[in-house]
Ligand SMILES: [Zn+2]
Ligand SMILES: [Zn+2]
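Printed below as a string of structure tokens:
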């Protein structure tokens, strides 16, 4: 009788645990493969969520939205509490309508009006974005703003070409990398990106959208207003218009997670900067990229996605990116099953990174 009672109690407890929303002690971050676009989902221990960007536009929108919704489902989400669209490029806002059709979004956060006029972005803002945020909350982010999430401090550090002027708590030391800075900009919208810094107990991470080198300099020089982070997220797909030493090296990340694509990012210059960053333990790549070649890429264990038609081998040398525009040959295709890289951070500053493709997982102990 007693044994039976224990068994039925166990059965009851199991049922209960399955019925409850998935709460954990960790801050979970899903870095989702949207083929060289961006979609990064934060889920707090209380189940609150922040999504940064919604993948690619056009024919890719349904595919990318599906991948984002898979991550939201894995986290047990019933809504997106906060959405940041970092800037008005199609690889960042692309799948928004398709995501919003499947899961409610409560707050839309952006940098303000588009400063790089173009038919696709302007039509999207007028016809898709405005009607969506009219039914929810709309926030134009300013540097210094906080995004409310219980137990997690989320601070806007860059938006609309402006950066925080005062250092974050504990930061503000002179940045020794500023002396050798070489600037670059590429287009009008990347420097407008909304960038956030996230603190969870002793754990720190940063996501700067596609913020360019000149803005990295404004944020990090002559004093480093951010301090150091445990994990550097995004890295503008691993493109050389971002990722200066004044930013990467001064942030002193233990781990970097790059949102690159099959032929986007993972560029040699960036790989050199990241691999030589003081204190870096590992770089994880969302994608194998032909722009890295074997010369610059990380071991496959740290790469979440390959391509549909896998080549017999990867050339040692990186290939040069083709000139942008309609004449460029197509990049290797990856429309098949996609895998995220999941980061689970603990209050004590320790964290675990997992590659969903091969199950490879590594825990970084608190320091
Ligand atoms: Zn992919
Ligand atoms: Zn981008």
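Residue numbers (the working numbering): 975 to 1341. All residues carry an ideal CB built from backbone N, CA and C; glycine is no exception.
Residue environment: residue 1293 is assigned as exposed (fewer than 16 neighbouring CB atoms within 10 Å of its CB, all protein chains considered). With a threshold of 6 Å, the Cβ atom of residue 1119 does not count as near ligand 2, since no heavy atom of the ligand is closer than that. One residue list follows from the rule of a beta carbon closer than 7 Å to any heavy atom of ligand 1, given in chain order as 1007, 1009, 1235, 1236, 1261, 1279, 1308 and 1312. DSSP, reduced to helix, strand and coil, places residue 1151 within a helical segment of the structure shown. Taking a contact to require three or more Cβ pairs closer than 8 Å, the region 1137-1152 and the region 1089-1097 do not qualify as touching. Annotated three-state conformation of residue 1320 is coil, per DSSP.
For a cut-off of 8 Å, the C-beta gap from residue 1045 to residue 1004 is around 4 Å, short enough to register as a contact.
By the Cβ-count criterion, residue 1208 is buried, with 16 or more other Cβ atoms from all chains shown falling within 10 Å of its own Cβ.
Relative to ligand 2, residue 1283 has its C-beta separated by 6 Å or more from all heavy atoms.
In the three-state DSSP reduction, residue 1156 falls in the coil class, being neither helix nor strand.
Approximately 11 Å separates the beta-carbon atoms of residue 1211 and residue 1236; this is outside 8 Å, ruling out the contact. Taking C-beta atoms as the reference points, residue 1165 and residue 1125 fail to come closer than 7 Å.
The closest CA to that of residue 1233, considering only 1008, 1281 and 1152, is found on 1008. With a cut-off of 8 Å on Cβ pairs, the region 1113-1131 is in contact with the region 1165-1176, counting three or more such pairs. Every beta strand (DSSP E) stretch that sits fully inside the region 1041-1099 and reaches 3 residues is listed by chain position as 1056-1058 and 1081-1084.
Per DSSP, residue 1163 lies in no beta strand (DSSP E) and is assigned neither H nor E. For residue 1159, the Cβ stays outside the 6 Å cut-off from all heavy atoms of ligand 2. The beta carbon of residue 1184 sits closer than 6 Å to at least one heavy atom of ligand 2.
Annotation: the continuous beta strand (DSSP E) that includes residue 1257 extends over 1256-1261. The Cβ atoms of residue 1224 and residue 1243 lie no closer than 7 Å to each other.
Linking residue 1025 to residue 1056 through their CA atoms gives a straight-line distance of about 6 Å.
Annotated three-state conformation of residue 1176 is coil, per DSSP. At a cut-off of 6 Å, the beta-carbon of residue 1027 does not count as near ligand 2: no heavy atom of the ligand is closer than that. In this structure, residue 1065 has its CB closer than 6 Å to one or more heavy atoms of ligand 2. In the same chain as residue 1187, and ignoring 5 residues on each side of it, the C-beta atoms closer than 7 Å to its own belong to 1157, 1158, 1215, 1216 and 1218, in chain order. Residue environment for residue 1341: exposed (fewer than 16 other C-beta atoms within 10 angstroms of its C-beta).
The residues 1062 and 1088, in chain order, have a CB closer than 6 Å to that of residue 1095 in the same chain once the five nearest residues on each side in sequence are set aside.
The C-beta separation of residue 1115 from residue 1085 comes to about 6 Å, placing the pair in contact by the 8 Å criterion.
The region 1305-1322 and the region 1275-1282 touch, with three or more beta-carbon pairs separated by less than 8 Å. By the Cβ criterion, the region 1012-1020 is in contact with the region 1028-1039, since at least three pairs of Cβ atoms, one from each stretch, lie closer than 8 Å.
The Cβ-Cβ distance between residue 1267 and residue 1290 falls below 7 Å.
For residue 1106, same chain residues with a beta-carbon under 8 Å away, outside a window of 5 residues either side, are 1070, 1071, 1074, 1079 and 1082 in chain order. Judged by DSSP secondary structure, residue 1102 falls outside any alpha helix (DSSP H); it is assigned neither H nor E.
Residue 1201 is not a Cβ neighbour of residue 1185, given a cutoff of 7 Å. The Cβ atoms of residue 1150 and residue 1130 lie no closer than 7 Å to each other. Of all alpha-carbon atoms in 1256, 1017 and 1120, the one lying nearest the alpha-carbon of residue 1329 is that of 1256.
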